[in-house]
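Engineer: In our numbering, the protein residues as written are 1 to 154. Let me begin by handing over the structure; questions about it come next.
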């Protein structure tokens with residue numbers, strides 16, 4: 001890894017939202033199989049509920065892994081490259097308006113957890129959000145802030 005290139009991880013629900021309907025399809029298929037396999041009706045309802053609970057638990061653990069996205073900052077003299085999902089964006093340091101740390105509530109069904117995210121505001125181009133995953137996210141944002149201060153003094 002170059003000394004001007006830094007890889008980091010952050011949360012992104014895009015992939016999980018695409019595959020979450022598959023869990024519903026899996027539940028429907030399991031209920032159909034249970035209906036065909038269990039001939040006693042009073043056993044069908046508890047087994048359907050148990051399958052639903054198991055799928056929800058599986059979704060919870062799968063979501064933790066499926067929501068992690070890798071990104072890369074590559075720093076140069078007057079700009080940096082942000083790469084993720086096979087897309088690379090070149091952003092000049094003077095185009096960055098502000099980098100802020102925000103709090104948000106990460107929700108999954110009935111579970112809620114406070115977390116933080118970083119917002120990079122670009123002049124005339126919108127914003128990038130980087131929800132906190134681990135120390136690599138924080139370190140990448142701090143490196144970007146350092147490069148911004150270095151560039152502003154030039």
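Backbone N, C-alpha and C define an ideal beta-carbon position, used for all residues, glycine too. Note that this is a predicted model, so its numbers are computed, not measured.
1. Have a look at 100, 125, 133 and 98 and flag the residue whose alpha-carbon is nearest the alpha-carbon of residue 114.
2. Quick check: the Cα distance between residue 13 and residue 67, rounded to an integer number of angstroms?
3. Short of 8 Å in beta carbon distance, which residues of its chain neighbour residue 99, apart from the five on each side in sequence? Order them along the chain.
4. Hey, how far is the Cα of residue 17 from the Cα of residue 73?
5. Per DSSP, residue 92 is paired with what?
6. What does DSSP give as the partner residues of residue 150 in its beta bridges?
7. Note down, in chain order, each residue of its chain lying with its Cβ closer than 6 Å to the Cβ of residue 102, except the 5 sequence neighbours on either side.
8. If you draw a straight line from the C-alpha of residue 52 to the C-alpha of residue 40, how long is it?
Structural biologist: By the coordinates alone:
1. Sequence index remark: in the chain shown, residue 114 carries index 114 (1-based). Taking only the C-alpha atoms, the option nearest residue 114 is 133.
2. Numbered from 1 along the chain shown, position 13 holds the residue referred to as residue 13. Numbered from 1 along the chain shown, position 67 holds the residue referred to as residue 67. Their Cα atoms are separated by approximately 5 Å.
3. Indexing the chain shown from 1 puts residue 99 at position 99. Same-chain partners within the cutoff: 118, 119, 120, 121, 141, 144, 145 and 148.
4. Translated into positions along the chain shown, residue 17 becomes position 17. Translated into positions along the chain shown, residue 73 becomes position 73. Going by the C-alpha atoms only, they are around 26 Å apart.
5. By 1-based counting over the chain shown, the position of residue 92 is 92. Partner(s): 79.
6. As a working note, residue 150 is residue 150 in the chain shown. BP columns for residue 150 are empty, so no partner.
7. On the chain shown, position 102 is the one that residue 102 refers to. Around residue 102: 117 and 119.
8. Locating residue 52 in the chain shown gives position 52, where the first residue counts as 1. Locating residue 40 in the chain shown gives position 40, where the first residue counts as 1. Rounded to whole angstroms, residue 52 to residue 40 spans 19 Å at the Cα level.
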